[in-house]
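Student:
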Amino acid sequence: MTSPMVAASSRRRPRVTRVALGVVLVVVLVLFPLVVPRPDFWVVSIGIRGLWLGIIALSLTWLAKHTGLLSLGQLTFWGVSAYTVAILATTYDLSYAVAIPAGVLLATAVGALVGMVAVRTQGVYFLMVTLAVSQLAYFLVLNAADLTRGHVGISVPRPEFLGLSLDDRNVFYYLSLLVAGLLFVTCWYLSRTPFGLALQGIRDSPDRMRALGYNVYLHRVAAFTVSSGIAAVSGVLALFYNGRVTPGGIDLMRSIEVLIVSVLGGIGALAGSFLGSFSLTTLQNFAQEDFIDLRRMTLTGLVFLLVLLFFRGGIVDLPRQLRVYARSALRLPDRVRGRHRVGSAPPTPPIATEPRDDPKGSP
Amino acid sequence: MTLPPRFPPLFGRLPTLAAPLALVLVLTACGQSDSDGDGDDPNLDGGAAEEADGDELVIGRISALEGAFADGAEDGERGVEMVLDEYDHQVAGRPIRTIVESSDTTPETAVDRARKLVEQDGVDIIHGPLSGSEGVALADYATSVPDVTFVDAASGSAETTLEDPADNYFRWHSEGAMWAAPMGPYAVEELGYERVATLAEDYAFPHSQIGGFLDGFCGAGGEVAETFWVPLGESDYSSIIAQIPEDIDAIYVSVGGSDAVDFMGQAIDFGVDVPIIGGSILVDETVLGAEGEIRDAALGTVASGSIPTADADIPEWQDFVSGYQEMHPDGFDVPSNFALLYYNSFKSLLLSLEEVDGEVEEDGGEALRAAMTDLEWDSPIGPLALNENRQAASDVFIYEIVEDDDGGLTTTQRHTAEGVEQGDAVWERLDDCP
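Note that the protein sequences, when read in sequence, are chains A and B. Residues 1 to 363 (the working numbering) make up the first sequence, in order. Residues 364 to 797 (the working numbering) make up the second sequence, in order.
1) With 8 Å set as the bound, which would you pick, yes or no: does the beta-carbon of Arg478(B) sit closer than that to a beta-carbon of chain A?
2) Relative to the C-alpha of Ile670(B), which candidate in Val650(B), Asn700(B), Ala544(B) has its C-alpha closest?
3) Nearest to Ser757(B) by alpha carbon, out of Val421(B), Gly584(B), Glu781(B), Pro678(B)?
4) Between which residues of its own chain and Thr282(A) is the CB-CB distance below 7 Å, once the five residues before and five after are set aside?
5) Does DSSP put Thr561(B) in a helix, in a strand, or in coil?
6) Taking the beta carbon of Arg52(A) as the centre, do at least 16 other beta carbons fall within 10 Å, making it buried, or is it exposed?
7) Using alpha carbons as the reference points, say which of Asp769(B), Ala660(B), Val635(B), Asp484(B) lies closest to Phe41(A).
8) Using DSSP bridges, identify the partner residues of Ser617(B).
9) Could you say which of Arg476(B), Gly655(B), Glu609(B) lies nearest to Gly634(B) if we only look at CA atoms?
10) Would you report the Cα separation of Lys479(B) and Thr469(B), rounded to the nearest angstrom?
11) Between His151(A) and chain B, is any beta-carbon pair separated by less than 8 Å?
12) Comparing the C-beta of Pro470(B) with each C-beta of chain A, is any distance below 8 Å?
13) Taking just the CA atoms, how far does Val27(A) sit from Ala20(A)?
14) Helix, strand or coil for Phe683(B)? Go by DSSP, reduced to three states.
15) Identify the continuous beta strand (DSSP E) that holds Leu749(B) and give its terminal residues.
16) Use the C-beta contact count for Gln606(B): other C-beta atoms within 10 angstroms, 16 or more gives buried, fewer gives exposed.
17) Would you give the residue range spanned by the beta strand (DSSP E) that His490(B) belongs to?
18) Taking just the CA atoms, how far does Gly213(A) sit from Pro247(A)?
19) Quick one, are the C-beta atoms of Val133(A) and Thr76(A) less than 8 Å apart?
20) Residues of the segment 555-579 of chain B with a CB closer than 9 Å to any CB of chain A: list them in chain order, please.
21) So with CB distances below 8 Å, who are the chain A contacts of Gly495(B)?
22) Quick one: residues in its chain with C-beta nearer than 6 Å to the C-beta of Arg792(B), no 5 flanking neighbours on either side, listed in chain order?
23) How would you call Asn215(A), buried or exposed, if buried means at least 16 neighbouring beta carbons within 10 angstroms?
24) Under a Cβ-count criterion, where at least 16 other Cβ atoms within 10 Å of its own Cβ denotes burial, should Phe161(A) be classed as buried or exposed?
25) Please check the pair Tyr532(B) and Asp515(B), which I expect to be a contact at CB under 8 Å, by giving their CB distance rounded to whole angstroms.
26) Give a yes or no on contact between the segment 699-719 of chain B and the segment 422-442 of chain B, applying the rule of three or more CB pairs nearer than 8 Å.
27) Should Pro594(B) go down as buried or exposed, given a rule of 16 or more other Cβ atoms within 10 Å for buried?
28) Buried or exposed, going by whether 16 or more other CB atoms sit within 10 Å of the CB of Leu34(A)?
29) Which chain D residues are close to Ala145(A), counting only those with a beta carbon under 9 Å from its beta carbon?
30) Does the beta-carbon distance from His151(A) to Ala567(B) come in below 8 Å?
31) Thinking C-alpha only, which one of Val44(A), Cys187(A), Tyr174(A) is nearest Val30(A)?
32) Could you work out which residue in Ser426(B), Gly442(B), Pro545(B) is closest to His691(B) when comparing CA atoms only?
33) Determine, using beta-carbon pairs with one atom in the segment 757-776 of chain B and one in the segment 715-724 of chain B, whether at least three such pairs fall under 8 Å.
34) Which residue wins for smallest C-alpha separation from Asp251(A), given the options Ile459(B), Glu751(B), Glu552(B), Glu471(B)?
35) What does Pro594(B) touch in chain A if you count any residue whose Cβ is under 9 Å from its own?
36) If the cut is a Cβ gap below 7 Å, which residues of chain B does Met209(A) touch?
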């Protein structure tokens with residue numbers, strides 16, 4: 001009787017706050033470089049790093065959310081684009097105007113090729129195939145020293161455009177923010193296109209979609225290609241952030257780090273990628289201040305475990321999760337009493353008559 | 364029907380994003396202001412220059428406490444502790460505080476840590492890192508912060524001080540090619556090996572070792588029969604060993620860690636019947652502690668490296684070893700090269716700081732860097748001084764694996780190459796005499 005109203009109001013209220021919150025978030029992100037103390041550190045090491053790490057996590061989250069495919073190989077495309085841009089710009093002396101699009105395109109093409117093979121598998125097999133691809137890329141750049149300079153990697157100067165130089169931290173930050181924003185909106189928009197809806201249908205029931213005439217395989221390949229394109233853009237930003245690209249940037253630990261960012265932020269929501277990347281970046285930068293024994297990786301691992309064990313929805317889902325825990329904590333006394341009743345032989349009548357705690361029983 | 368509403372679609376949860384974000388920001392901000400308010404950390408706020416009260420001297424350190432070299436880095440820390448202990452944790456009346464940041468041997472992490480130390484903690488001096496490619500990246504970063512003084516801890520890439528060396532980057536130890544260089548002439552002149560094959564892992568460090576070795580070896584009249592390159596982590600050497608030519612005097616091997624154990628273990632089995640000579644990573648505790656076939660292959664191996672053997676007749680080195688053993692009963696039996704290199708570099712830094720009365724903030728570290736350029740001192744492995752690229756020349760040691768009194772394996776000193784200078788080439792993968 002009251003439920004329709006409850007539902008309606010609960011649906012409407014978040015929508016208003018959501019818009020308000022979105023505006024606040026955008027304002028905060030835009031003002032960020034102007035208000036933080038020590039901008040050299042905060043804008044660069046937290047801001048820009050958080051943004052490019054967020055973008056690659058976005059590529060993983062978008063793919064996982066819409067196709068159910070969890071990839072450990074996103075850094076492959078990140079690496080392909082970073083290396084392509086670096087090699088074209090240094091060894092072949094091409095301008096960034098050519099090198100950057102070429103890098104992103106090549107990485108996306110590689111993504112399509114990998115996708116053609118990888119999406120034939122699912123679940124843990126997909127995870128393994130993408131992991132294998134990223135390891136392949138790692139050892140390839142490590143060993144193709146003539147092209148990639150092996151361990152040492154390739155250094156590049158930061159580009160200038162329209163009289164603005166990426167050496168200026170604010171220019172770099174706002175450019176990254178703009179790119180991140182555009183990609184975020186693109187992902188969000190794609191989710192609502194027929195393509196995005198078909199993907200979600202395929203995720204939920206590939207057989208039914210196949211019966212409806214959709215080409216499941218092609219849809220998955222397309223989705224994988226889109227996500228590798230997003231990862232490629234992140235690779236270009238990271239190349240200029242680090243000023244270089246080395247095999248260390250795409251090793252196994254980094255691949256896992258991307259997964260951790262997505263899971264930490266919340267793999268079910270696109271915004272989670274950026275929440276996760278900012279949180280992890282902050283955590284890693286401050287973890288060691290006074291706890292040198294608790295090393296960065298150890299701490300990252302512990303946080304990952306905590307999230308997996310107790311907060312599966314990640315940061316995005318934290319408030320709901322906390323509410324659930326709070327609610328069950330409130331019910332604890334009842335349950336203790338309830339159990340006591342079952343356990344002790346002579347039942348105490350007043351409590352026994354109260355069938356309170358049985359949500360499954362209600363219609 | 365009065366059930367709580369099901370979880371709304373994920374996007375309905377956007378409002379809840381603010382809380383954690385705010386929490387994270389608030390927490391970090393608090394963390395910051397806490398230290399700001401704390402009189403003990405004057406350098407945590409504002410540029411260190413204006414606000415340091417002249418008392419505490421903060422030194423940022425980057426050490427590879429995670430990843431493949433964690434054990435080595437731990438031992439390096441022991442070397443630094445020895446220096447701090449020697450100086451009673453102060454220099455020129457200023458107490459020393461170190462902020463240790465851990466890297467994982469990747470250049471990206473090393474630069475991130477350095478950036479944090481410089482821009483967040485406001486340090487004027489950075490001591491680190493451990494591994495070669497980290498050093499190249501840090502020296503690159505150093506050019507963008509000219510007022511910060513960098514002292515390399517143990518990294519061994521030639522590029523660091525050869526290609527556009529940064530004015531504020533100092534390296535008090537030799538690099539990979541220098542550690543291998545004396546072995547070339549020694550093999551020809553002392554051991555009488557005129558024709559060798561080489562076997563090495565295919566990455567930067569062994570590239571430079573083979574380069575350093577062949578440069579001297581060919582210069583002394585030696586010739587190369589064949590070169591073999593294996594990927595890092597190769598465990599099966601049978602096919603390589605089968606291809607080793609018959610007419611060679613020795614095989615020069617530069618593989619390390621578990622690869623060295625695998626190679627040594629298979630060498631006799633698959634018919635290596637020529638002497639093995641080696642690079643500075645070939646002989647370590649695992650090889651020396653081995654039994655059976657590895658033992659037979661390892662016995663008699665001659666190699667070169669950055670530190671003397673335990674029995675070396677060098678008083679300063681023996682003092683260092685006993686000091687190490689006394690202070691770190693939980694450490695290795697004999698200090699590793701990381702303990703020594705960290706010790707040397709950190710002590711060079713403190714010696715220079717003493718020269719300038721511990722003053723680094725006011726002149727942007729200029730006096731410190733000048734003092735360091737002029738510094739010469741006698742380290743546990745002999746005299747150290749820098750060249751015009753701020754790269755040290757140092758002694759390199761050649762030793763042989765022999766049987767000790769208990770029938771185990773140990774190393775004995777054969778030769779000391781004095782004051783080995785850095786060459787002028789960054790060696791890439793060589794397939795013949797350079």
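Built from N, CA and C at the ideal position, the CB exists for glycine as well.
Tutor: Per the coordinate set shown:
1) Taking CB atoms only, Arg478(B) has a neighbour in chain A less than 8 Å away.
2) Asn700(B)
3) Nearest of Val421(B), Gly584(B), Glu781(B), Pro678(B) to Ser757(B), Cα basis: Glu781(B).
4) Ile46
5) strand
6) It should be noted that the sequence gives Trp, not Arg, for residue 52(A). So Trp52(A) counts as buried.
7) Asp484(B)
8) Ala563(B)
9) Glu609(B)
10) 16 Å
11) yes
12) yes
13) 11 Å
14) helix
15) DSSP places Leu749(B) inside the beta strand (DSSP E), whose first and last residues are 745-749.
16) exposed
17) 488-490
18) 43 Å
19) yes
20) Asp565, Tyr566, Ala567, Phe568, His570
21) His151, Val152
22) His570
23) Counting other Cβ atoms within 10 Å of its Cβ, Asn215(A) stays below 16 and is therefore classed as exposed.
24) exposed
25) 7 Å
26) yes
27) exposed
28) Leu34(A) is exposed by the Cβ-count criterion.
29) Protein chains in the displayed structure are A and B, and chain D is not among them.
30) Yes, these two residues count as a Cβ contact at 8 Å.
31) Tyr174(A)
32) Gly442(B)
33) no
34) Glu471(B)
35) Phe139, Leu142, Asn143
36) Residues of chain B passing the Cβ test: none, with the nearest at roughly 20 Å.
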